[in-house]
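Remarks on the structure that follows.
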Amino acid sequence: MPLQNRVDPFGLVHAVPQRGLFMGNRGGCFHRDDQTLKPRHWASRQWITCLLKFKGRKRPLMQPGLYTELFFLDEATAFAAGHRPCWECRREDARAFSAALIRAGVAPAGHRVQLLNDAIAGEVQAVLKGDAGREQVAPASLPDGAFFAVGQTAFLKWKGAAR
63 MPLQNRVDPF GLVHAVPQRG LFMGNRGGCF HRDDQTLKPR HWASRQWITC
113 LLKFKGRKRP LMQPGLYTEL FFLDEATAFA AGHRPCWECR REDARAFSAA
163 LIRAGVAPAG HRVQLLNDAI AGEVQAVLKG DAGREQVAPA SLPDGAFFAV
213 GQTAFLKWKG AAR
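In the working numbering, the protein residues as written are 63 to 225.
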């Protein structure tokens, strides 16, 4: 039976057999010793997306007391779920992501990573806790690579169409 560690675009964590292109975590351990998840599916606001392979590191999943490994189908899913690129294993992607947020006016030049954590993961956490709703936007106004929802179904906008 698969572990409950696959993340969807809404930030929800599922037990499905499909593999992902990226690994990540939510700032620490939120699983029990039996590899089931605790009620709150994050440990902090340090939600990152990592490479599946980095410097030959390999470890068993969901070790007691260590961080909870999560997996994402692709980078668009990870972004939609509130995760940013890791500054250790994806440094160039993290720099590009940070620069894009500065260009978009979302983050000030010279910002600290904690600002991104608070803004991005914090927003998704508020939705998951029921403290906030999802922003309502017209799909036509979104750039390629963005997710939008119709009811409880997520769609990726790609090349001007919903997929």
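Idealized CB from N, CA, C, for every residue including glycine.
- prompt: Cα separation between GLU137 and ARG174?
  reply: Translated into the one-based positions of the sequence shown, residue 137 becomes position 75. Translated into the one-based positions of the sequence shown, residue 174 becomes position 112. Rounded to whole angstroms, GLU137 to ARG174 spans 22 Å at the Cα level.
field: Between the CA atoms of GLU154 and ILE110 - distance to the nearest angstrom
entry: In the sequence shown, residue 110 corresponds to position 48, counting from 1. In the sequence shown, residue 154 corresponds to position 92, counting from 1. Straight across, the Cα-Cα distance linking ILE110 with GLU154 is about 14 Å.
message: For a test of your reading of the model: does the CB of VAL168 fall under 6 Å from any non-hydrogen atom of the ligand NAD? Yes or no.
response: With respect to small molecules bound, the structure shown includes none, and the ligand NAD cannot be examined in it.
message: Please return the same chain residues whose Cβ sits closer than 6 Å to the Cβ of LEU135, not counting the five positions on each side in sequence.
response: Taking the first residue of the sequence shown as 1, we reach residue 135 at position 73. Here LEU135 has GLY82 as same chain residues with Cβ atoms under 6 Å from its own Cβ, once five neighbours each way along the sequence are excluded.
task: State the DSSP-derived secondary structure class of LYS100, mapped to helix, strand or coil.
output: Locating residue 100 in the sequence shown gives position 38, counting from the first residue. Of the three classes helix, strand and coil, the one that applies to LYS100 here is coil, per DSSP.
query: Taking the DSSP output, what are the residues bridged to ASN87?
result: Within the sequence shown, numbered from 1, the residue matching residue 87 stands at position 25. Per DSSP, ILE110.
field: First through last residue of the beta strand (DSSP E) which encompasses ALA211
entry: As a working mapping, residue 211 is identified with position 149 in the sequence shown. Per DSSP, the continuous beta strand (DSSP E) segment holding ALA211 begins and ends at 209 to 212.
task: Report buried or exposed for GLN198, applying the criterion of at least 16 other Cβ atoms within 10 angstroms of its Cβ.
output: Looking up residue 198 in the sequence shown gives position 136. With fewer than 16 other Cβ atoms within 10 Å, it is exposed.
query: Shortest alpha-carbon distance to ALA181 belongs to which of LEU190, ALA169, ARG94?
result: Within the sequence shown, numbered from 1, the residue matching residue 181 stands at position 119. Relative to ALA181, the option among LEU190, ALA169, ARG94 whose CA is nearest is ALA169.
message: I need the boundaries of the beta strand (DSSP E) containing LYS219, first residue and last residue.
response: Residue mapping note: residue 219 aligns to position 157 of the sequence shown, counting from 1. Start and end: 215 to 220.
query: What is the rounded straight-line gap between the Cα of GLY118 and the Cα of ALA202?
result: Within the sequence shown, the letter at position 56 stands for residue 118. Within the sequence shown, the letter at position 140 stands for residue 202. Going from the Cα of GLY118 to the Cα of ALA202 covers about 42 Å.
task: Within its chain, find whatever has a CB closer than 6 Å to the CB of GLY144; leave out the 5 residues flanking it on each side and keep chain order.
output: By one-based count along the sequence shown, residue 144 stands at place 82. Hits under 6 Å: GLY73, TRP109, ILE182, ALA183, VAL186.
- prompt: Between which two residues does the beta strand (DSSP E) carrying LEU190 extend?
  reply: Looking up residue 190 in the sequence shown gives position 128. Per DSSP, LEU190 belongs to no beta strand (DSSP E); it is in the alpha helix (DSSP H), 175 to 191.
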